[in-house]
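In my numbering, the protein residues as written are 28 to 528.
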């Protein structure tokens, strides 16, 4: 009876844990998704604003090349800011804590929201470009810190479900931006500054409410060396007083790592005991972005139009696709602890691979066979379903699970940098690939999906319902080391006489 009671107790989603998850995800992850999509609908109106502003200053209009360049800079500032934000993660989460970093991060949302909201009145497109950089930094930090924070708050049996919540709120942010960006709402000449400025509202909510919730107990115990604060945080989160077993598990993790100390990014790449964890994170993060998810969205409008959807109605079909994305990610929250991370990754990447292959054939034959455009639409929706099941939500969750406390922040810096560099690369290169290969562009993405599926099948273990120590013992065997962090690896090649000095 006792083990059953313990399991039942362990699985409890308390009100405090649920609210902390929702506030962290709404205040941070939502903004990432919102800012990805908010700039798409009013793009033509904003280009006109750039041109008119330049004319007011110089009595001359921008050339097509200059206007395209300015717009490209405005768009690409977001992933560039994301990369900068990812590189800031390690320093901030270790100095300020997980919750402290999220609170500071709101500055990178509220300030640009004010700037973007007032850019039309100020007649300054420079304010928009600067703001895109700042909201990019906000997204870079939040995409790494929210999964880390929630992964450390959650009990092991809820870690997967809560780990998917940030991705759920990213998809909700995209959908809300698509709805607000309808031409009947805020995608108007007077409405687009409001559309861009709305991003500050979730940040303000988080700034007001998150201070009332606990910091990560692991951060308090392992890095701040404050067992009393860690116990109090756990009691608040779990809803019961006896948290000694969980404190003991965190202390075991701390003792296992103590000889290694803090692991920097450079040390992370050198450590044999973390080799397969690091390779897996790089492969999955690159696979997530290079699998063509942004290209699918980029191509979607053209696919819908070729299927006979009215140009004015494409925006509503896009909202429909965004809704599918939210529904499937919501479903993933519930099935991840049932099916496991590995199964969802394999299933998701496999679906994306098949969808890309069939889409290539459909696009190549759409002028010859009348029903092919409808098959193309089916492929787009199938791809979105596949990506939302595994490739979108799970890689960031796995970084929390496969690294222990001393290396987790550096691992998120690496994973985040790969994520944003891959995102930036696809955005930069895909238009040229599209011109060169046309319909056959998606074969490249199909190959990347296939390779990621094979790697996941051969290397990535299941982490469902395992403690961080149990997961790292699995990787210790894969890395062929006796411990999670072999004691003083860098000294092993020195002769015994040197070690004794």
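The beta-carbon is built from N, C-alpha and C at its ideal position, and this holds for glycine as well.
By the Cβ-count criterion, residue 434 is buried, with 16 or more other Cβ atoms from all chains shown falling within 10 Å of its own Cβ.
Using a 10 angstroms sphere on the CB of residue 300, the tally of other CB atoms reaches 16 or more, which defines it as buried.
It is roughly 7 Å from the alpha-carbon of residue 136 to the alpha-carbon of residue 226. In the structure shown, residue 347 adopts helical secondary structure according to DSSP, grouped into three states. A check of alpha carbon separations from residue 244 across 231, 260 and 230 identifies 260 as the nearest.
Residue range 432–464 is occupied by the alpha helix (DSSP H) that includes residue 461. Beta-carbon to beta-carbon, residue 159 and residue 104 are separated by about 4 Å, close enough to satisfy the 8 Å threshold. The beta-carbon distance between residue 323 and residue 410, rounded to whole angstroms, is 5 Å. This is short enough to meet the 8 Å contact definition. The Cβ-Cβ distance between residue 72 and residue 216 falls below 8 Å. By alpha-carbon distance to residue 392, the top candidate from 356, 465 and 124 is 465. With respect to residue 329, residue 338 sits apart: the two C-beta atoms are not nearer than 8 Å. The three-state secondary structure of residue 73, taken from DSSP, is helix. Residue 452 and residue 85 have their C-alpha atoms roughly 34 Å apart.
Your pair residue 367 and residue 413 does not check out as a contact, with CB atoms roughly 17 Å apart and the cut at 8 Å. It is roughly 40 Å from the alpha-carbon of residue 479 to the alpha-carbon of residue 271.
Under the DSSP assignment, residue 305 falls in the alpha helix (DSSP H) whose first and last residues are 302–317. A Cβ-Cβ distance of about 4 Å is found for the pair residue 219 and residue 69, placing them in contact under the 8 Å criterion. Judged by beta-carbon spacing, residue 205 lies beyond the 8 Å limit of residue 407, meaning their Cβ atoms are not closer than that value. Membership of residue 164 in the alpha helix (DSSP H) is indicated by the continuous run 152–180. Residue 491 holds the alpha-carbon nearest to the alpha-carbon of residue 365 among 491, 63 and 254.
Excluding the 5 residues flanking it on each side, residue 476 has same chain C-beta neighbours closer than 6 Å at 318, 376, 379 and 380, in chain order. With respect to residue 108, residue 173 sits apart: the two C-beta atoms are not nearer than 8 Å. With a cut-off of 8 Å on Cβ pairs, the segment 170–185 is in contact with the segment 119–131, counting three or more such pairs.
For residue 199, the closest alpha carbon among the candidates 354, 184, 296 and 250 is that of 354.
Counted as a single uninterrupted DSSP element, the stretch harbouring residue 393 is not any alpha helix (DSSP H), since DSSP gives it neither H nor E. In terms of Cβ geometry, residue 51 and residue 177 form a close pair [threshold 8 Å]. In summary, residue 210 is exposed, with fewer than 16 beta-carbon neighbours lying within 10 Å of its beta-carbon over all protein chains present. DSSP places residue 250 outside any alpha helix (DSSP H), giving it a letter other than H or E. Taking residue 373 as reference, the option from 305, 124, 83 and 422 with the minimal CA-CA separation is 422. Scanning 144, 231, 78 and 165 for the CA closest to the CA of residue 223 turns up 144. Rounded to whole angstroms, the gap between the alpha carbons of residue 61 and residue 201 is 5 Å.
Annotated three-state conformation of residue 487 is coil, per DSSP.
Put simply, of 240, 77, 110 and 58 the residue whose alpha carbon is nearest the alpha carbon of residue 45 is 240. When the beta-carbon positions are compared, residue 152 and residue 97 come within less than 8 Å of each other. In the structure shown, residue 120 falls within a helical segment according to DSSP collapsed to helix, strand and coil.
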